[in-house]
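Order-wise, the sequence lines are chains A and B. Per our numbering, the very first residue in the first sequence carries number 1; after that it's consecutive. Per our numbering, the very first residue in the second sequence carries number 1001; after that it's consecutive. Glycine included, every Cβ here is placed at the ideal spot set by N, Cα and C. Notes follow once the structure below has been shown.
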Amino acid sequence: MSVARTGAPIGDVARARAWRWPSLSQVGFNLALVGFSLVVLVPLVWMVSSSLKTPEEYYQRVPSLWVAKPTLINYVYMWTRGGKVPLFMANSVIVTVGAVSLQVLMASLAGYAFARLDFRGRDALFLAIVVSMFIPRSGGLMALYELMSFLHLRNNLFGLVLLFGAGLPVPIFIMRQTFLAMPRELEDAARMDGASWWQLFWRIAVPLGASGMVVIAIIGFVYVWGEYLVTFTMVDNEQLLTISVAARTLLVGGSAQGWVAPQQQFLDKFATEAADAALLLMAVAPVILVYLFLQRWFVRGLTEGVLKL
Amino acid sequence: MALSRADRTQGRAATLRAFVAEVGGIRQQRWGNGWGYAFVAPALLAYLTFNVWPMFRGFAMAFTDYRFLIPNSEWSFNGLDNFVEMASDETFWHSFVVSLKFTAMTLPTGIVAALVAAILISRVSHRRAAAFYRWIVYLPVTMPVAVVMLMWRQMYHRDLGYLNLLLRWLGVANPPNWLGSADWVLPSIAAAELWRTFGFATLLFLIGIYGMNRELFEAAAIDGASGWQQVLSLTIPLLKPIFVLILVLSAGVASATEQMLLITNPPGSPENAALTTGLYLFMQAFQFGDMRLGYAAAMSLVLGLLHIALASLVFVTMRTERD
């Protein structure tokens, strides 16, 4: 330990050049970090490499992450098979875009009111929403099933949009914070010029609060795109499944419990498990892309939303 | 900054007190700007319909013999009958034990792994490298649960899964059939769940560490505290509010419904070794016989109470340690 702190023994200092042998604790530290990264990355890299493998290569049964002869046949097969994947992708896009737009709109309006408009019971209402978040929703799924059946919103993409669009406490919280941080002067000036509250919201608050909207839109996007249990419960119609829910039924490979021979007609064209890997990667691609380019907004979502609750 | 966050250990209790005070003060307030109600109305309506109503309805449902496929049974209250039935339902007790085991496997390990990862990453001085590790660690959290679980189902495949390919290559002649053996199935799924979720806690811890007062650590270093001593006596105590937050947010661990639905086939197999209470109640509600929503809601209520008990236990221990 002390070696790590004080560096090389004094006698060596004179001979020390730009590079020195790293100390033992530094090596351990870096090994641990690399180990963590490998644990996260290896399954993903294996998926990517499997999805690019030809059947000859896949069935060689070696734990190799390298692909000698990459092929896109797995993707082509999964994308074109019965036209299902594009349909499920479209469903996912409809539900996600719809729900997120609804969330952004409603949370901005409410957040603005909670931050700026003075009305009776405002803070009580806001705190009630925050407190209600921490009450466990026991039996919530069963109650939702009853509610959605009653409203004829089961097997209905619009129903999913409404349902996910209503997940509002955290978005409202974030939008209120965003609007509270806005300088008041612009609004006061506009108010003097006779702007209505609606104009104030639309012309001043919305452009200035865009960063908060991006944060909640990204949180909402990742959540709705990946949501499983509620969608699975609310949709039986196979035409209306989202890609996350449909993924399980689209898999063509053997069961996890044991070996199932690949269907003969495909044996020479592609490995079924490789096609499954391609499918899973297509289902996760939009999220990874968003995460790749907009990572800092995720951190903002956590600092401004979750941690301040 | 750091200390102010540490002071927020009782943040939720403070919110509750503020709420009560606000409700008490409503009488003295003027009606003020009526536009406020118009702006809040859509959000409030949606939230009340799809969130608050199911909360109350789900609670009430736990005391009924509601079977969705039996007409007019939605308000057939039967007192505590559901809980009496549960007490003698062997499958329920089995699933309850599975749930507890699963929680014990994922929750403490997840928090420890996240803490270790966060401390490691926080000590990376190279900016780009640190950003890279942060990116990696949060990546699984953003992925859909279905993709993660199905990916791990492939990883665990007896013959073609990467794990067993690797083990055979390393010379293990007969690697376990992970998801096919009653002994291995639960730890295997717990590992997959850990892979999926530990990045969330890691990033929360990291944000906490980054927000800490550097001067405290410099002072400790001057006083001769080693890296380990700093971690044990400064970092971890200062992260307590985040520990509590993570525990509160991990409400769904014990039920683990979707994970089991996705990775096991048929659900809960083999030999019901992966049948958590969440999965069992889901099957009671949506897959068995006449869809016993009432009984399922009662089991769900038991899970909710378990979580509240766990969270308050942690909350109280952490508070007494602080004093």
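Cα separation between residue i and residue j?
| i | j | result |
| --- | --- | --- |
| B/Ala1146 | A/Pro207 | 36 Å |
| A/Val306 | B/Leu1204 | 9 Å |
| B/His1307 | A/Phe150 | 30 Å |
| A/Glu227 | A/Ala189 | 44 Å |
| B/Ile1189 | B/Ala1104 | 13 Å |
| A/Glu56 | A/Pro70 | 11 Å |
| A/Tyr112 | B/Glu1022 | 19 Å |
| A/Val40 | B/Gly1034 | 52 Å |
| A/Val161 | A/Gln239 | 16 Å |
| B/Trp1152 | A/Met47 | 10 Å |
| B/Thr1064 | B/Phe1083 | 11 Å |
| A/Ala217 | A/Val130 | 19 Å |
| A/Pro63 | B/Tyr1138 | 26 Å |
| B/Leu1115 | B/Phe1198 | 9 Å |
| B/Ala1256 | B/Pro1144 | 15 Å |
| A/Ala128 | A/Val299 | 26 Å |
| A/Glu185 | A/Arg191 | 10 Å |
| B/Asn1051 | B/Thr1106 | 28 Å |
| A/Leu281 | B/Leu1150 | 11 Å |
Residue i lies in the alpha helix (DSSP H); which residues open and close that run?
| i | result |
| --- | --- |
| A/Tyr59 | Per DSSP, A/Tyr59 belongs to no alpha helix (DSSP H) and is neither H nor E. |
| A/Gln295 | 295-304 |
| A/Met182 | Careful: A/Met182 lies outside any alpha helix (DSSP H) and carries neither H nor E. |
| B/Trp1135 | 1127-1142 |
| B/Leu1262 | 1257-1263 |
| B/Ile1242 | 1240-1249 |
| A/Gly35 | 24-51 |
| A/Pro136 | Run containing A/Pro136: none; DSSP gives neither H nor E here. |
| B/Phe1056 | 1053-1061 |
Residue i touches chain A at which residues, Cβ-Cβ below 8 Å?
| i | result |
| --- | --- |
| B/Leu1080 | What B/Leu1080 touches in chain A: nothing, since even the nearest Cβ is about 15 Å away. |
| B/Glu1074 | Glu146 |
| B/Arg1057 | Gly139, Ala143, Glu146, Leu147 |
| B/His1307 | Pro136 |
| B/Thr1277 | The premise fails here: B/Thr1277 is roughly 12 Å from chain A at the closest Cβ pair, so nothing lies under 8 Å. |
| B/Trp1169 | Val62, Pro63 |
| B/Met1143 | Gly226, Val284, Val287, Ile288 |
| B/Leu1139 | Val40, Leu44, Ile288, Tyr291 |
Secondary structure at residue i, three-state DSSP: helix, strand or coil?
| i | result |
| --- | --- |
| B/Gly1289 | coil |
| A/Gly226 | helix |
| B/Thr1091 | helix |
| B/Phe1077 | strand |
| A/Thr272 | helix |
| A/Tyr291 | helix |
| A/Phe158 | helix |
| A/Phe119 | strand |
| A/Thr233 | helix |
| A/Gly167 | coil |
| B/Gly1268 | coil |
| A/Thr242 | coil |
| B/Thr1276 | coil |
| B/Gly1032 | strand |
| A/Val3 | Confidence at A/Val3 is low in this model, with a pLDDT of 39, below 50, so its placement is unreliable and the value that follows should be read with caution. Looking at A/Val3 - three-state DSSP - the assignment turns out to be helix. |
What in chain A is Cβ-close to residue i, meaning under 7 Å?
| i | result |
| --- | --- |
| B/Asn1051 | Ala166 |
| B/Phe1039 | Leu109, Ala110, Tyr112, Ala113, Leu117 |
Find the residues of chain B that neighbour residue i, judging by a C-beta separation of less than 8 Å, and give them in chain order.
| i | result |
| --- | --- |
| A/Leu33 | Leu1120, Ile1121, Val1124, Tyr1133 |
| A/Arg120 | Ile1026, Gln1029, Arg1030, Trp1031, Gly1032 |
| A/Asp276 | Leu1150, Gln1154 |
| A/Leu251 | Leu1150 |
Whose Cβ in chain B lies nearer than 7 Å to the Cβ of residue i?
| i | result |
| --- | --- |
| A/Asp123 | Glu1022 |
| A/Ser132 | Val1052 |
| A/Ile204 | Here the premise fails: no neighbours, minimum Cβ distance about 14 Å. |
| A/Arg248 | Ala1146, Leu1150, Leu1262 |
Show which residues of chain B have a CB atom less than 9 Å away from the CB atom of residue i.
| i | result |
| --- | --- |
| A/Ala128 | Phe1019, Glu1022, Val1023 |
| A/Leu162 | Ala1046, Thr1049, Phe1050 |
| A/Gly209 | What A/Gly209 touches in chain B: nothing, since even the nearest Cβ is about 13 Å away. |
Counting contacts by CB-CB distance shorter than 9 Å, is residue i in contact with chain C?
| i | result |
| --- | --- |
| A/Gly220 | Given the protein chain composition of this structure (A and B), no chain C is represented. |
### Completely contained alpha helix (DSSP H) runs for the segment 1152-1226 of chain B, where each covers 4 or more residues
If we require 4 residues or more, the alpha helix (DSSP H) runs fully inside the segment 1152-1226 of chain B come out as 1162-1169, 1185-1210, 1214-1222.
### Task
Could you tell me which uninterrupted alpha helix (DSSP H) segments, each at least 4 residues in length, are contained entirely in the segment 65-102 of chain A, listed from first to last along the chain?
Listed in chain order, they are 73-80.
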